[in-house]
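What follows is a single structure, written as structure tokens, with notes after it.
2 protein chains.
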Amino acid sequence: MTKVLKLDEIKRLIDSRRLIREIETGFVLYSEGRVVVPPVGFLHFEQPPGDVHIKYGFVTDDHFYVLKMASGFYENPALDLPVSDGLLLLFSQKTGHLELILLDECWLTDMRTAAAGAVAAKHLAASAVHRIGIVGTGVQARMQLEMLRDVVDCQRCLIWGRDADKARRMVADLREREVIQSWGLDLEVATDLDELVGQCNVIVTTTSAREPLIRADQVQPGTHITAMGSDDHGKQELEAGVLAKADRVIADSVSQCVDHGECFHAVQGNHIEEGFILELGNVIKDPGVGRTSDDQITVADLTGVAIQDIQIAKMVEHAARLAEQA
Amino acid sequence: MTKVLKLDEIKRLIDSRRLIREIETGFVLYSEGRVVVPPVGFLHFEQPPGDVHIKYGFVTDDHFYVLKMASGFYENPALDLPVSDGLLLLFSQKTGHLELILLDECWLTDMRTAAAGAVAAKHLAASAVHRIGIVGTGVQARMQLEMLRDVVDCQRCLIWGRDADKARRMVADLREREVIQSWGLDLEVATDLDELVGQCNVIVTTTSAREPLIRADQVQPGTHITAMGSDDHGKQELEAGVLAKADRVIADSVSQCVDHGECFHAVQGNHIEEGFILELGNVIKDPGVGRTSDDQITVADLTGVAIQDIQIAKMVEHAARLAEQA
Numbered sequence: 555m556t557k558v559l560k561l562d563e564i565k566r567l568i569d570s571r572r573l574i575r576e577i578e579t580g581f582v583l584y585s586e587g588r589v590v591v592p593p594v595g596f597l598h599f600e601q602p603p604g605d606v607h608i609k610y611g612f613v614t615d616d617h618f619y620v621l622k623m624a625s626g627f628y629e630n631p632a633l634d635l636p637v638s639d640g641l642l643l644l645f646s647q648k649t650g651h652l653e654l655i656l657l658d659e660c661w662l663t664d665m666r667t668a669a670a671g672a673v674a675a676k677h678l679a680a681s682a683v684h685r686i687g688i689v690g691t692g693v694q695a696r697m698q699l700e701m702l703r704d705v706v707d708c709q710r711c712l713i714w715g716r717d718a719d720k721a722r723r724m725v726a727d728l729r730e731r732e733v734i735q736s737w738g739l740d741l742e743v744a745t746d747l748d749e750l751v752g753q754c755n756v757i758v759t760t761t762s763a764r765e766p767l768i769r770a771d772q773v774q775p776g777t778h779i780t781a782m783g784s785d786d787h788g789k790q791e792l793e794a795g796v797l798a799k800a801d802r803v804i805a806d807s808v809s810q811c812v813d814h815g816e817c818f819h820a821v822q823g824n825h826i827e828e829g830f831i832l833e834l835g836n837v838i839k840d841p842g843v844g845r846t847s848d849d850q851i852t853v854a855d856l857t858g859v860a861i862q863d864i865q866i867a868k869m870v871e872h873a874a875r876l877a878e879q880a
Numbered sequence: 555m556t557k558v559l560k561l562d563e564i565k566r567l568i569d570s571r572r573l574i575r576e577i578e579t580g581f582v583l584y585s586e587g588r589v590v591v592p593p594v595g596f597l598h599f600e601q602p603p604g605d606v607h608i609k610y611g612f613v614t615d616d617h618f619y620v621l622k623m624a625s626g627f628y629e630n631p632a633l634d635l636p637v638s639d640g641l642l643l644l645f646s647q648k649t650g651h652l653e654l655i656l657l658d659e660c661w662l663t664d665m666r667t668a669a670a671g672a673v674a675a676k677h678l679a680a681s682a683v684h685r686i687g688i689v690g691t692g693v694q695a696r697m698q699l700e701m702l703r704d705v706v707d708c709q710r711c712l713i714w715g716r717d718a719d720k721a722r723r724m725v726a727d728l729r730e731r732e733v734i735q736s737w738g739l740d741l742e743v744a745t746d747l748d749e750l751v752g753q754c755n756v757i758v759t760t761t762s763a764r765e766p767l768i769r770a771d772q773v774q775p776g777t778h779i780t781a782m783g784s785d786d787h788g789k790q791e792l793e794a795g796v797l798a799k800a801d802r803v804i805a806d807s808v809s810q811c812v813d814h815g816e817c818f819h820a821v822q823g824n825h826i827e828e829g830f831i832l833e834l835g836n837v838i839k840d841p842g843v844g845r846t847s848d849d850q851i852t853v854a855d856l857t858g859v860a861i862q863d864i865q866i867a868k869m870v871e872h873a874a875r876l877a878e879q880a
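From first to last, the protein sequence lines are chains A and B. The numbering used here puts the first residue of the first sequence at 555, with every later residue one more than the last. The numbering used here puts the first residue of the second sequence at 555, with every later residue one more than the last.
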């Protein structure tokens, strides 16, 4: 019998440290070529504007295959509705049977995206992180920061957004959060990007920018930047020179990032060659190819891969099964 | 809140006459270019062998968009499980919200396929149908026959299958069915295809044949043939000469049938030109382009189009809403 789990049930089943490990494992499987991920399906709507992404795939010789739908309808807030909706479906690879429906309303997509940021910082940040910088003020900016708690030993954070009011509100909101309070994180709004990029050695960009925000001349030795925002053609958060200045550029999927991530702009403009880009799964598997000294600059370009959806779906299924047996 | 309907609930909501009308409407919308249907998504498994089809799309300016998953895992019968599983999802085109999940286990796919056969016979058969011929002995063969009751005034039927035992069992099963008994249908097993094709003037082929079963020289004036089985490359039920001999060849989707239906073989072998093929929606809209006399030969090539899934999903949603209000 097909089981259905709703968002509140799903939230109780996710442990962020376990999730980070599962996403790590997923990136390794992906870079080893053990994941089947056909091209993403799309639907586009004009009135009102909306996009739907359909991702599906599986790890070979595994139990499940997974399909995810995730939509963004950008005028929903005027109707007092969330922008995103979606679900995840788990089917048996052995019988085709639909085993589990996760009505996650896109929350698992946000979580697996935040976990990918944590995986990148865990493997690429310098040994001592003195300050975290978050560029962006949306839901994903907050989740990225909270997930870093599990991988970075640091108690200071600067936040900057293109809208200063939103940045102030984000800091005020975060100070109320139990996870931030128990972390003991000191949070401030940055005056400008010069201040943020100059003072932080782990920086996460999570905006919808279509023009570069961070310049190469701002980036100091020892910095690690995770760029999350550029998930489609036309988006860009980092000047291509940032990637040229970096000692290591790491993509969640080289082919996908060269198609539409920060790497796209850097390769198109001949700032770097495609062969210079490493894949995250290979860096996790063999840390020697990643950062080798604390003064290197590293850039992780994360565009999102269906293996993340597969891994988080399987993790929820496993936790639900254990909870049921208990 | 997302609603979930299971197969037994879904079965109570389908009225076959209403379904035939909705599928008719869908074919017209499709041929008018008012349906968005991106390419089908596929997943293939090897151990054990299984295929998954992911179809999605929408009628423009409508309320819903629809996604369907349907799988076939061919070794399931050894595990005492059905070959097929799947579901249909209805989302709002206005907000992206997931409104309804239909856990139909592939039954709605079978029903919309049978309804398409009925639509073809309704619009293309000669005015008097003296005998129905069914070629094939599977689930779809039975459903095709039962659905014809609503559109064809005829009380005699011949059945033929490559496995004579299966044909005899099918006739025995059907004689027990209430729908057949109340119809008063006289059912016989045909000795061979010469007998069936010679005596029947509405013929439905619904086999997985990879070599032609029906020859051009067998087909009599006044016959209508609906070929259902050729839904993928490599399949063929009719000698290409049957299409060349026909006065009218009608496809559910011209582009799709030229790619992999009976039309594929006929066009590839230069038996007919692509321009000779009519589209079913255009024949429904303008009957004058279809059969114009009782002695013409017509062939409908049906490969299955996502508009059928969209229409049946919307019909179930509508019936469920009415039932809830009552």
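Glycine residues also receive a C-beta, built at the ideal position from the N, C-alpha and C atoms. Everything numeric in this text was worked out from a predicted model, so none of it was measured.
Contacts between Tyr610/B and chain A, judged by CB atoms closer than 7 Å, involve Gly595, Leu597, Ile608 in chain order. When C-beta distances to chain B are compared with 7 Å, the residues of the stretch 648-671 of chain A below that value are Lys648, Thr649, Gly650, His651, Leu652, Ile655, Leu657, in chain order.
By the C-beta density criterion, Asn630/A is buried, having at least 16 other C-beta atoms within 10 angstroms. Residue contact with chain B for Gly640/A: present (Cβ-Cβ distance below 9 Å to some residue of chain B). The way I'd put it, the stretch 798-808 of chain A does touch the stretch 837-856 of chain A; three or more beta-carbon pairs between them come closer than 8 Å.
Pairwise C-beta distances place the stretch 663-674 of chain A in contact with the stretch 566-581 of chain A, as three or more of them are shorter than 8 Å. Nearest Cα to Asp840/A within the set Arg685/A, Thr579/A, Leu561/A, Leu559/A: Thr579/A. At a beta-carbon threshold of 7 Å, the residues of chain B lying near Phe627/A are Thr649, Gly650, ordered along the chain. Runs of alpha helix (DSSP H) with 4 or more residues, each lying fully within the stretch 564-634 of chain A, are found at 570-585, listed in chain order.
Within the stretch 656-704 of chain B, the complete alpha helix (DSSP H) segments of 4 residues or longer fall at 661-678, 693-702, listed in chain order. Residue pairing by DSSP places Ser638/B opposite Gly626/B in a beta bridge. Taking each of Ile866/B, Glu600/B, Val594/B in turn and checking the Cα distance to Leu644/B, the smallest one comes out for Ile866/B. In this structure, Val693/A keeps its C-beta atom at 9 Å or more from the C-beta atom of Thr761/A. Taking a cut-off of 8 Å for Cβ pairs, the stretch 647-660 of chain B and the stretch 600-617 of chain B touch, as three or more such pairs fall below it.
9 Å or more divides the Cβ of Val582/B from the Cβ of Ile864/B. The way I'd put it, the stretch 731-749 of chain B does touch the stretch 705-716 of chain B; three or more beta-carbon pairs between them come closer than 8 Å. By the Cβ-count criterion, His778/B is buried, with 16 or more other Cβ atoms from all chains shown falling within 10 Å of its own Cβ. Boundaries of the alpha helix (DSSP H) around Cys811/A: 808-814.
Of the candidates Ala718/A, Leu678/A, Ile734/A, Ile734/A places its Cα closest to the Cα of Leu699/A.
Nearest neighbour of Ala674/A by Cα position, chosen from Gly858/A, Glu749/A, Ala873/A, turns out to be Gly858/A. Burial check for Met869/A: the Cβ neighbour count within 10 Å reaches 16 or more, so the residue is buried.
In this model, Thr745/B and Trp714/B are separated by some 8 Å (Cα to Cα). Around the beta carbon of Gly815/B, 16 or more other beta carbons lie within 10 angstroms, which makes this residue buried. For a cut-off of 8 Å, the C-beta gap from Ala680/B to Asn755/B is around 6 Å, short enough to register as a contact. With distances taken between CA atoms, Ser807/A lies nearest to Gly587/A out of Arg875/A, Gly587/A, Leu652/A, Arg703/A.
If you draw a straight line from the Cα of Ala820/B to the Cα of Glu791/B, it is about 12 Å long.
Counting along the chain, Glu878/A sits inside the alpha helix (DSSP H) bounded by residues 860-879.
Excluding the 5 residues flanking it on each side, Val683/A has same chain C-beta neighbours closer than 7 Å at Val706, Asp707, Cys708, Asn755, Val756, in chain order.
In the three-state reduction of the DSSP assignment, Glu730/A falls in the helix class, which pools H, G and I. In the three-state reduction of the DSSP assignment, Ser736/A falls in the helix class, which pools H, G and I. Counting of Cβ neighbours within 10 angstroms places Gly842/A among the exposed residues, the total staying below 16. With fewer than 16 other Cβ atoms from the protein chains shown falling within 10 Å of its own Cβ, Gln822/A counts as exposed.
The beta carbon of Pro775/A does not come within 9 Å of any beta carbon belonging to chain B, so the residue lies off that interface.
Under the 10 Å beta carbon count, Phe596/B is surrounded by fewer than 16 other beta carbons and is classified as exposed. What Val558/B touches in chain A, judged by beta-carbon distance under 7 Å, is Val558, going in chain order.
Burial of Leu656/B is indicated by the presence of at least 16 other C-beta atoms within 10 angstroms of its C-beta.
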